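A.B. asks: Going by the working numbering, the sequence shown opens with residue 3, and the numbers climb by one from there. In this text, a Cβ means the ideal position worked out from N, Cα and C, and glycines have one as well. Because the structure is a prediction, the values reported are computed rather than measured. Okay, handing you the structure first.
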Amino acid sequence: MTPASDTALDFLHARTTEFFTGALEACSIESAFDRRIRFEGSTLKRLIPDGSGPDVISLSQFKRIFVVAIGKAAGPMLEILLDRMKRRKGLRGICCTKYLPKKRNWRFRYFEGGHPLPNEESFAAARAALAMLKKAKKDTLIFFLISGGGSAMFDLPLDPQIGLDDTIAFHETLIGSGAPINEINTLRKHFSAVKGGRLAIAAAEALKVSFLLPDVPLRTLDALSSGPTSPDHSTVDEVREIIEKYNLEAKLPQAVRIFFERTDLPESPGNKSWRPPFLARFQRTDAMQARRSTSAVNLTGEDEAFRDSVFEVLLSTHDLVESARVLAQKAGYFVAVDNSCDDWDYADAARYLLDRFHDLRALHRRFCLISGGEVTVTLNRNPGAGGRNQQFALACAVELAHHPGEMLTVFSAGSDGIDGNTPNAGAIADPTTVARAVAFGFAPEESLRAFNACPLFTALGDTVVTGPTAHNLRDLRLLISDKS
Numbered sequence: 003m004t005p006a007s008d009t010a011l012d013f014l015h016a017r018t019t020e021f022f023t024g025a026l027e028a029c030s031i032e033s034a035f036d037r038r039i040r041f042e043g044s045t046l047k048r049l050i051p052d053g054s055g056p057d058v059i060s061l062s063q064f065k066r067i068f069v070v071a072i073g074k075a076a077g078p079m080l081e082i083l084l085d086r087m088k089r090r091k092g093l094r095g096i097c098c099t100k101y102l103p104k105k106r107n108w109r110f111r112y113f114e115g116g117h118p119l120p121n122e123e124s125f126a127a128a129r130a131a132l133a134m135l136k137k138a139k140k141d142t143l144i145f146f147l148i149s150g151g152g153s154a155m156f157d158l159p160l161d162p163q164i165g166l167d168d169t170i171a172f173h174e175t176l177i178g179s180g181a182p183i184n185e186i187n188t189l190r191k192h193f194s195a196v197k198g199g200r201l202a203i204a205a206a207e208a209l210k211v212s213f214l215l216p217d218v219p220l221r222t223l224d225a226l227s228s229g230p231t232s233p234d235h236s237t238v239d240e241v242r243e244i245i246e247k248y249n250l251e252a253k254l255p256q257a258v259r260i261f262f263e264r265t266d267l268p269e270s271p272g273n274k275s276w277r278p279p280f281l282a283r284f285q286r287t288d289a290m291q292a293r294r295s296t297s298a299v300n301l302t303g304e305d306e307a308f309r310d311s312v313f314e315v316l317l318s319t320h321d322l323v324e325s326a327r328v329l330a331q332k333a334g335y336f337v338a339v340d341n342s343c344d345d346w347d348y349a350d351a352a353r354y355l356l357d358r359f360h361d362l363r364a365l366h367r368r369f370c371l372i373s374g375g376e377v378t379v380t381l382n383r384n385p386g387a388g389g390r391n392q393q394f395a396l397a398c399a400v401e402l403a404h405h406p407g408e409m410l411t412v413f414s415a416g417s418d419g420i421d422g423n424t425p426n427a428g429a430i431a432d433p434t435t436v437a438r439a440v441a442f443g444f445a446p447e448e449s450l451r452a453f454n455a456c457p458l459f460t461a462l463g464d465t466v467v468t469g470p471t472a473h474n475l476r477d478l479r480l481l482i483s484d485k486s
């Protein structure tokens, strides 16, 4: 590579980082909240009615208001709600997140839940929430603020004989299984006392309003934090099929395996004969599908237990992708969006997106391919330091090593600012990555096999570091090129 080429690649590295950080900034939780919800005195108005429940709620009719905030964005979501909602009489709540907010309200109990694995605080938060919700009656209004990461941060086994160590091992097994998030969360829902709708059932008589910030595909919104307030349509039979499909039986802790082998394994709450995806009115993968989707599913009618439930999606991966698309177009790039590899194996996704990119870039001098969602990684050995984004980027780097001289950069990062067991959000790769890594003494393909991409990208200075973003809109992948 010539100095001019190095400069061009540096420019593309900076460009992709600029698009990613700019897209994150555009996806403001505060502005999203205000687009959908407005408090006028003691009245809550939903600004975008969708048929999922009452559009106007009078807070004055309720004796108590409970709030349960769960996930990586629990702190900001709670702060915004409390800023907009002026009522304090009868207000109490629980906030469980990975990073405790500096600004705290005395009416709330705060818990520092574990992620990506649960901890003692995860259990304590779940117990505290269940205890509070059992006090809820018809005169109680409950706000649930749910964002990504809650599956680990907020958990309690349905079987009280299963302890924290076995629960951690259970989560570790699922994370490394290679299963997509909807299948992982099918097991989590049936394992947990607070997932798969059981948190909502704990306050069956109360009116429940869930504000959602999903880190899952919109077609499977009940997978968000394993669906603590949503009806679950997965079944015990599906649980057993997934365990067999991924050969999990021998990998699960003995206590967990015995639990799932029970002939009387309890079904999670929800109408099992009702098969369309949860919140199907939000299911869309592109603008055309969004225009075609006109049906609204009335959740309050699909299962008696969730009749008094309202659901609001504040932001999603689609908002992140759309924000990145606008930034790239403003910068003069022809942009294509392809989310079809969502939940694919990282290696398959790398090959697919690179092939797709090369097919399309031939038609455009300046081209950017954007892909949202997450890829999966199957851990069949003790992993090194890395995550799905760095693993994906390194897989792309190995492929790009066969195309020296190309002005092409691949960017992959998580919107939460964390990738796997590292403090990085992700990494950036280009056709020089492998050669530069070898010069530093790395064996890139061995790093790939060992799931140890982080040291390599750190040595090259090609990690993406944002710090915790208090967001979780899944991952963003950008493939970009400039032709002279």
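Going by beta carbon distance, what residues of the same chain come within less than 6 Å of Q331, once the five residues before and after it are set aside?
C.D. replies: The sequence position of residue 331 within the sequence shown is 329, counting from 1. Excluding positions up to five away in sequence, the list reads V337.
A.B. asks: Assign K247 to one of three DSSP states: helix, strand, or coil.
C.D. replies: Reading the sequence shown from its first residue, position 245 is the one you call residue 247. Note: K247 maps to helix in three-state DSSP.
A.B. asks: Any beta carbon from chain D within less than 8 Å of K274's own beta carbon?
C.D. replies: No chain D appears in the structure shown, which is made up of a single protein chain.
A.B. asks: Going along the chain, which residues of its own chain have a beta-carbon closer than 7 Å to the beta-carbon of L84, five neighbours each way excluded?
C.D. replies: Against the sequence shown, residue 84 aligns to sequence position 82. Within the same chain, L84 has close Cβ partners N107.
A.B. asks: Measuring only the C-alpha atoms, how far is Q63 from E42?
C.D. replies: Translated into the one-based positions of the sequence shown, residue 63 becomes position 61. Translated into the one-based positions of the sequence shown, residue 42 becomes position 40. Between Q63 and E42, the C-alpha separation is close to 15 Å.
A.B. asks: Going by CA-CA distance only, name the one from P470, A415, A452, V328 that's closest to G386.
C.D. replies: Position 384 of the sequence shown, counting from 1, holds the residue named residue 386. Taking only the C-alpha atoms, the option nearest G386 is A452.
A.B. asks: Considering just the uninterrupted stretch of the alpha helix (DSSP H) at I72, what are its terminal residues?
C.D. replies: Indexing the sequence shown from 1 puts residue 72 at position 70. Segment 66-72 is the beta strand (DSSP E) holding I72; no alpha helix (DSSP H) there.
A.B. asks: Does DSSP put V241 in a helix, in a strand, or in coil?
C.D. replies: In the sequence shown, the residue the question calls residue 241 occupies position 239. In the structure shown, V241 sits in a helix (DSSP, three-state: H, G or I).
A.B. asks: I'd like the list of long-range same chain contacts for R37, defined as Cβ closer than 7 Å, with 5 residues on each side in sequence excluded.
C.D. replies: Along the sequence shown, one-based indexing puts residue 37 at 35. These residues qualify, in order along the chain: L49.
A.B. asks: Give me, in chain order, the residues of the same chain whose beta-carbon lies closer than 7 Å to that of Y112; leave out the 5 immediate sequence neighbours on both sides.
C.D. replies: Taking the sequence shown and counting its residues from 1, one reaches residue 112 at position 110. When the five nearest sequence neighbours on each side are left out, the beta carbons in the same chain lying within less than 7 Å of the beta carbon of Y112 are those of C97, L102, R106, in order along the chain.
A.B. asks: In this structure, does DSSP put D347 in helix, strand or coil?
C.D. replies: Walking along the sequence shown from the start, residue 347 turns up at place 345. Note: D347 maps to strand in three-state DSSP.
A.B. asks: For T169, report the span of its beta strand (DSSP E) as first-last.
C.D. replies: The residue labelled residue 169 in the question sits at position 167 within the sequence shown. Careful: T169 lies outside any beta strand (DSSP E), inside the alpha helix (DSSP H) at 166-177.
A.B. asks: Identify the residues that DSSP records as bridge partners of F146: which are they?
C.D. replies: As a first step, residue 146 is located in the sequence shown; it is residue number 144 there, counting from the start. In DSSP, F146 forms a bridge with V70, S212.
A.B. asks: In angstroms with no decimal places, state the Cα-to-Cα distance between H192 and A333.
C.D. replies: Along the sequence shown, one-based indexing puts residue 192 at 190. Along the sequence shown, one-based indexing puts residue 333 at 331. Using only the alpha carbons, I get a separation of about 47 Å.
A.B. asks: Tell me, please, which residues DSSP counts as bridged to K47.
C.D. replies: Counted from its first residue, the sequence shown places residue 47 at position 45. Per DSSP, R40, V58.
A.B. asks: Can you have a look at T45 and say buried or exposed, based on whether 16 or more other CB atoms are within 10 angstroms of its CB?
C.D. replies: Locating residue 45 in the sequence shown gives position 43, where the first residue counts as 1. T45 comes out exposed.
A.B. asks: Might you give, ordered along the chain, the residues of its own chain that have their beta carbon closer than 6 Å to the beta carbon of R190, omitting 5 neighbours on each side?
C.D. replies: As a working mapping, residue 190 is identified with position 188 in the sequence shown. Correct list, in chain order: S153, K197, S228.
A.B. asks: Assuming the contact rule is C-beta atoms closer than 8 Å, D157 and T169 should be a hit. Round their C-beta distance to whole Å, please.
C.D. replies: Your numbering for residue 157 matches position 155 in the sequence shown. Your numbering for residue 169 matches position 167 in the sequence shown. Rounded, the Cβ-Cβ distance is 7 Å, consistent with contact.
A.B. asks: Start and end of the alpha helix (DSSP H) containing G95?
C.D. replies: Counted from its first residue, the sequence shown places residue 95 at position 93. That residue, G95, is in no alpha helix (DSSP H); its beta strand (DSSP E) goes 93-99.
A.B. asks: Look at R17 and L61 and say whether their C-beta atoms are less than 8 Å apart.
C.D. replies: If you number the sequence shown from 1, residue 17 lands on position 15. If you number the sequence shown from 1, residue 61 lands on position 59. No, the pair does not count as a contact, with Cβ atoms beyond the cut-off.
A.B. asks: Per DSSP, what are the beta-bridge partners of G416 in this structure?
C.D. replies: Taking the first residue of the sequence shown as position 1, residue 416 is located at position 414. Note: G416 sits in a beta bridge opposite D477.
A.B. asks: Does the stretch 470-479 come into contact with the stretch 429-448, if we say contact requires no fewer than three beta-carbon pairs (one atom in each stretch) closer than 8 Å?
C.D. replies: These segments do not touch.
A.B. asks: Let me confirm a value: R476 is counted as buried when at least 16 other C-beta atoms fall within 10 Å, else exposed. Which label applies?
C.D. replies: Counted from its first residue, the sequence shown places residue 476 at position 474. The residue in question, R476, is buried, as its Cβ has 16 or more Cβ neighbours within 10 Å.
A.B. asks: Where DSSP assigns a beta bridge to V337, which residues make up the other side?
C.D. replies: The residue you call residue 337 lines up with position 335 of the sequence shown. Per DSSP, C370.
A.B. asks: Compute the distance between the beta-carbons of F68 and A138, then report whether it is under 8 Å.
C.D. replies: Position 66 of the sequence shown, counted from the start, is the residue given in the question as residue 68. Position 136 of the sequence shown, counted from the start, is the residue given in the question as residue 138. Yes, they are a contact pair.
A.B. asks: Enumerated in chain order, which unbroken segments of the alpha helix (DSSP H) with a length of 4 residues or greater are wholly contained in the stretch 179-211?
C.D. replies: As far as the stretch 179-211 is concerned, its whole alpha helix (DSSP H) runs of at least 4 residues are 183-193, 200-203.
A.B. asks: Specify, as a first and last residue, the run of the beta strand (DSSP E) that G428 falls within.
C.D. replies: Here residue 428 corresponds to residue number 426 of the sequence shown, with the count starting at 1. 428-431 is the span of the beta strand (DSSP E), which, as asked, contains G428.
A.B. asks: Spatial neighbours of E114 within its chain, please: C-beta separation below 6 Å, excluding the five flanking residues on both sides.
C.D. replies: As a position in the sequence shown, residue 114 is number 112, starting the count at 1. Excluding positions up to five away in sequence, the list reads L102, E123.
A.B. asks: When you compare only the Cα positions, how much space is there between R479 and C398?
C.D. replies: In the sequence shown, residue 479 corresponds to position 477, counting from 1. In the sequence shown, residue 398 corresponds to position 396, counting from 1. Looking at the two C-alpha atoms, the distance is approximately 11 Å.
A.B. asks: Put N107 into one of helix, strand or coil per three-state DSSP.
C.D. replies: The sequence position of residue 107 within the sequence shown is 105, counting from 1. It is coil, neither helix nor strand.
A.B. asks: Are the stretch 391-405 and the stretch 418-434 touching, with three or more C-beta to C-beta distances below 8 Å?
C.D. replies: yes
A.B. asks: Distance, Cα to Cα, L209 vs G463?
C.D. replies: Numbered from 1 along the sequence shown, position 207 holds the residue referred to as residue 209. Numbered from 1 along the sequence shown, position 461 holds the residue referred to as residue 463. Their Cα atoms are separated by approximately 51 Å.
A.B. asks: Just verifying my parser: in three-state terms, what is the DSSP assignment at S483?
C.D. replies: Here the question's residue 483 lines up with position 481 in the sequence shown. Three-state DSSP puts S483 in a strand.
A.B. asks: Suppose you measure from the CA of F125 to the CA of L166; what does that come to, to the nearest Å?
C.D. replies: Working through the sequence shown from its first residue, we reach residue 125 at position 123. Working through the sequence shown from its first residue, we reach residue 166 at position 164. For F125 and L166, the distance between alpha carbons rounds to 8 Å.
A.B. asks: How big is the Cα-Cα spacing for F22 and A326?
C.D. replies: Counting from 1 along the sequence shown, the entry for residue 22 is found at position 20. Counting from 1 along the sequence shown, the entry for residue 326 is found at position 324. If you take the alpha carbons of F22 and A326, they lie about 7 Å apart.
A.B. asks: For H404, is the classification buried or exposed, using 16 other Cβ atoms within 10 angstroms of its Cβ as the cut-off for buried?
C.D. replies: Working through the sequence shown from its first residue, we reach residue 404 at position 402. Exposed.
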